[in-house]
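In what follows, a single structure is set out as structure tokens and then discussed.
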Amino acid sequence: MKRTKIIKLIKSERPIDEVLIKGWVRTKRDSKDFSFIEVNDGSCLKNMQIIVDNTTDNYQDIIRISTGSAVAIRGKLEASKGPGQKWEVVAERVEILNIAPENYPLQKKRHTDEFLRNIAHLRPRTNKYGAAFRIRSELSYAIHNFFRDKGFRYIHSPIITGSDCEGAGELFRVTTIDPDDPPRKEGKIDYSRDFFGKEANLTVSGQLSAEMFALALGDVYTFGPTFRAENSHTRRHVAEFWMVEPEMAFCDLEGNMDLAEEMIKHLTSFILEECKEDIELFAKFVDKTLIKTLNNVATSDFKRLTYASALDILKKSGKKFKYDIDFGKDLQTEHERYLTEDHFKKPLIVFNYPKEIKPFYMRLNDDNQTVAAMDVLVPGIGEIIGGSQREERLEVLENRMDEMGMPKENYWWYLDSRRFGSVEHSGFGLGFERLIMLMTGIRNIRDVIPFPRTPTAIEF
RNA sequence: UCCCCAGUAGCUCAGUUGGCAGAGCAGAUGGCUGUUAACCAUCGGGUCCGCGGUUCGAGUCCGUGCUGGGGAGCCA
Numbered sequence: 000m001k002r003t004k005i006i007k008l009i010k011s012e013r014p015i016d017e018v019l020i021k022g023w024v025r026t027k028r029d030s031k032d033f034s035f036i037e038v039n040d041g042s043c044l045k046n047m048q049i050i051v052d053n054t055t056d057n058y059q060d061i062i063r064i065s066t067g068s069a070v071a072i073r074g075k076l077e078a079s080k081g082p083g084q085k086w087e088v089v090a091e092r093v094e095i096l097n098i099a100p101e102n103y104p105l106q107k108k109r110h111t112d113e114f115l116r117n118i119a120h121l122r123p124r125t126n127k128y129g130a131a132f133r134i135r136s137e138l139s140y141a142i143h144n145f146f147r148d149k150g151f152r153y154i155h156s157p158i159i160t161g162s163d164c165e166g167a168g169e170l171f172r173v174t175t176i177d178p179d180d181p182p183r184k185e186g187k188i189d190y191s192r193d194f195f196g197k198e199a200n201l202t203v204s205g206q207l208s209a210e211m212f213a214l215a216l217g218d219v220y221t222f223g224p225t226f227r228a229e230n231s232h233t234r235r236h237v238a239e240f241w242m243v244e245p246e247m248a249f250c251d252l253e254g255n256m257d258l259a260e261e262m263i264k265h266l267t268s269f270i271l272e273e274c275k276e277d278i279e280l281f282a283k284f285v286d287k288t289l290i291k292t293l294n295n296v297a298t299s300d301f302k303r304l305t306y307a308s309a310l311d312i313l314k315k316s317g318k319k320f321k322y323d324i325d326f327g328k329d330l331q332t333e334h335e336r337y338l339t340e341d342h343f344k345k346p347l348i349v350f351n352y353p354k355e356i357k358p359f360y361m362r363l364n365d366d367n368q369t370v371a372a373m374d375v376l377v378p379g380i381g382e383i384i385g386g387s388q389r390e391e392r393l394e395v396l397e398n399r400m401d402e403m404g405m406p407k408e409n410y411w412w413y414l415d416s417r418r419f420g421s422v423e424h425s426g427f428g429l430g431f432e433r434l435i436m437l438m439t440g441i442r443n444i445r446d447v448i449p450f451p452r453t454p455t456a457i458e459f
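Start counting the first sequence at 0; every next residue gets the next number (numbering that gives the first Met the number 0).
Encoded structure:
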């Protein structure tokens with residue numbers, strides 16, 4: 000007999016004579032004549048209540064079942080005689096697949112996130128983390144679907160790169176050189192004898208690859224892991240995270256902002272609609288204002304303002320900030336939070352930043368001062384998207400690279416795209432984990448990724 | 001890299017002015033006719049993060065190290 004998943008049984012319209020469920024015991028309550036066992040199989044948040052009579056075959060073993068044990072139960076699906084659940088399974092046979100001993104770390108009560116991070120291999124068995132990772136999976140599906148519906152093609156950009164593109168943070172070196180005995184040339188390590196014949200690193204962005212494909216297939220996106228070797232200790236940073244990077248040919252900054260806004264709204268509505276039960280758990284235990292926040296994101300128009308007018312608002316706010324605000328300085332976390340959480344109280348898009356604080360590939364505006372960059376800021380998270388219209392004019396791009404002292408020869412192929420049929424194009428990067436934080440109200444990025452990588456932490 | 005906070009039973013935490021190490025949950029044993037983090041009774045359970053110091057006496061005060069968390073910077 001094949002097992003039925005609990006999510007399916009809960010939705011059942013009528014009793015079923017014989018069902019087989021398999022899962023893990025969340026809790027057991029014994030009376031003199033019978034026991035209640037709550038079984039969860041991960042298919043949904045809810046447990047199935049099993050009722051076992053003391054006349055059942057191996058009842059002496061059954062009453063020894065502990066939280067965390069694995070069981071297979073055959074029985075009847077019947078309307079529950081108690082309140083609290085529609086259906087329950089009246090067991091005919093309880094097979095104990097594996098007993099979890101008394102040192103099973105998860106208990107039928109609340110644990111701290113810090114404790115659960117230390118047992119990251121077991122935490123998906125809790126309600127909160129099970130829900131978080133179901134939502135992560137649904138969101139990922141919704142992203143592919145969103146782009147597919149709009150005619151975007153999915154590009155698998157490389158994980159290992161040979162170019163220190165964009166200078167977006169510190170890089171992780173990829174090498175097969177023996178660290179105890181590296182080949183040397185004139186005292187220095189000779190990377191020409193490394194695996195790729197030159198220095199290689201883990202990618203910090205798929206953007207440059209995506210640009211090449213946008214200039215061939217039109218609208219494309221990447222969705223994959225990204226690596227930053229920054230020694231960051233905040234609740235918003237991890238060393239390995241996933242990023243969604245759409246790139247569109249024949250698209251200016253406004254079209255770029257339109258897509259970013261449409262995408263976030265679409266994904267928010269999708270989650271509100273498709274993950275109701277899991278979202279309600281977060282609304283109840285993690286962030287009481289979550290539903291309100293998500294409705295706000297899904298329905299309100301994102302405020303769009305230039306960097307210059309953002310500065311005006313900050314200066315006129317009368318609020319004391321730790322860091323000064325001046326044209327040419329980047330917005331600090333405190334400034335971003337004030338704008339999105341206090342002033343506008345909704346998502347906003349800040350665009351046209353000073354060129355000095357942005358990378359070389361962003362398109363120079365006619366004022367010669369600013370570039371066509373845009374950041375999407377959301378309450379509680381801060382920056383969730385960073386993007387720009389790309390510089391498509393070869394000469395301007397080369398000047399920018401010279402100004403910043405970049406070795407153009409390493410980017411010959413990137414510059415080629417501006418030599419041959421260059422067109423205006425735009426794109427952005429969306430931090431997938433930050434999106435999940437927004438959707439769930441979870442405040443620490445380490446709790447929305449299965450096995451987080453942070454400085455000095457790679458146990459799992 | 002810088003700044004701040006924390007570390008006490010398997011887990012969550014209390015521990016007063018420096019004076020015998022505590023509770024709830026979990027576990028074990030027994031009870032209970034429908035429970036919902038079930039309930040009731042009994043029992044077992046400690047390197048008070050490590051090292052050094054002050055003191056008659058340190059979980060408590062001081063120094064130092066480690067680990068975790070938060071914030072800044074970097075950014076997604």
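Cβ coordinates follow ideal geometry from the N, Cα and C atoms, glycine included.
Please identify the residue among the options whose C-alpha is closest to the C-alpha of residue i.
| i | options | result |
| --- | --- | --- |
| Pro123 | Ser30, Arg25, Ala90, Ser425 | Arg25 |
| Glu91 | Val422, Asn53, Pro14, Glu12 | Asn53 |
| His342 | Gly327, Ile448, Val377, Phe359 | Val377 |
| Ala71 | Ala307, Trp23, Thr455 | Trp23 |
| Arg147 | Leu330, Lys344, Ser421, Gly217 | Gly217 |
| Glu402 | Ile435, Tyr413, Ser139, Ile356 | Ile356 |
| Lys508 | Leu414, Ser316, Val349 | Missing from the structure shown is residue 508; the chain here goes from 0 to 459 and no further. |
| Phe359 | Ile324, Ile36, Glu397 | Glu397 |
| Arg460 | Arg452, Asp40, Asp257 | What is shown of the chain runs 0 to 459, which leaves residue 460 out entirely. |
| Thr160 | Thr125, Leu201, Val395 | Leu201 |
| Cys43 | Arg399, Ala130, Val395 | Ala130 |
| Met400 | Gly420, Phe222, Met361, Ala371 | Met361 |
| Glu273 | Arg73, Lys197, Tyr140 | Tyr140 |
| Thr233 | His110, Asn443, Gly83, Tyr306 | Asn443 |
| Glu137 | His265, Lys197, Ala228 | His265 |
Using the Cβ count rule (16 or more neighbours within 10 Å means buried), how would you classify residue i?
| i | result |
| --- | --- |
| Leu96 | exposed |
| Val18 | buried |
| Thr455 | exposed |
| Glu113 | exposed |
| Asp365 | exposed |
| Val422 | exposed |
| Pro14 | exposed |
| Ala209 | buried |
| Trp86 | buried |
| Ser65 | exposed |
| Lys10 | exposed |
| Phe320 | exposed |
| His120 | exposed |
| Ile36 | buried |
| Glu12 | exposed |
| Thr439 | buried |
| Ser191 | exposed |
| Gly404 | exposed |
| Arg389 | buried |
| Phe326 | exposed |
| Pro182 | exposed |
Identify, in the order they occur along the chain, each residue of the same chain with its Cβ nearer than 6 Å to the Cβ of residue i, setting aside the five sequence neighbours on each side.
| i | result |
| --- | --- |
| Asp193 | Thr174, Ile176 |
| Ile435 | Arg135, Val447 |
| Asp374 | Val349, Glu382, Gly385 |
| Thr267 | Leu293, Val296, Ala297 |
| Leu437 | Val377, Ile380 |
| Ile118 | Pro104 |
Please return the same chain residues whose Cβ sits closer than 8 Å to the Cβ of residue i, not counting the five positions on each side in sequence.
| i | result |
| --- | --- |
| Leu271 | Ile278, Ile290, Leu293, Asn294, Ala297 |
| Glu408 | none |
| Gly150 | Gly217, Asp218 |
| Arg418 | Leu393 |
Give the C-beta separation of residue i and residue j to the nearest angstrom, bearing in mind that I take them to be a contact with Cβ-Cβ under 8 Å.
| i | j | result |
| --- | --- | --- |
| Arg433 | Ile383 | 5 Å |
| Lys108 | Val89 | Actually they are not in contact, since the Cβ atoms of Lys108 and Val89 sit about 28 Å apart, beyond 8 Å. |
| Phe132 | Phe171 | Not confirmed; about 25 Å, so no contact. |
| Phe431 | Phe240 | 7 Å |
| Lys127 | Phe284 | 7 Å |
| Asn351 | Thr339 | Actually they do not touch by this definition, with Cβ atoms about 18 Å apart. |
| Gln48 | Ser79 | 7 Å |
By Cβ distance, which residues of its chain are closer than 7 Å to residue i, with the 5 residues on each side in sequence left out?
| i | result |
| --- | --- |
| Ile62 | Asp29, Ser34 |
| Thr55 | Ile61, Ala90, Val93 |
| Arg445 | Arg116, Val237, Pro451, Thr453 |
| Pro157 | Thr202, Ser208 |
| Lys4 | Asp40, Ser42 |
| Met211 | Ser416 |
Could you check whether the region 231–249 touches the region 419–434, counting it as contact only if at least three pairs of C-beta atoms, one from each stretch, sit closer than 8 Å?
yes
Cβ pair count under 8 Å reaching 3, the region 326–335 against the region 307–318
yes
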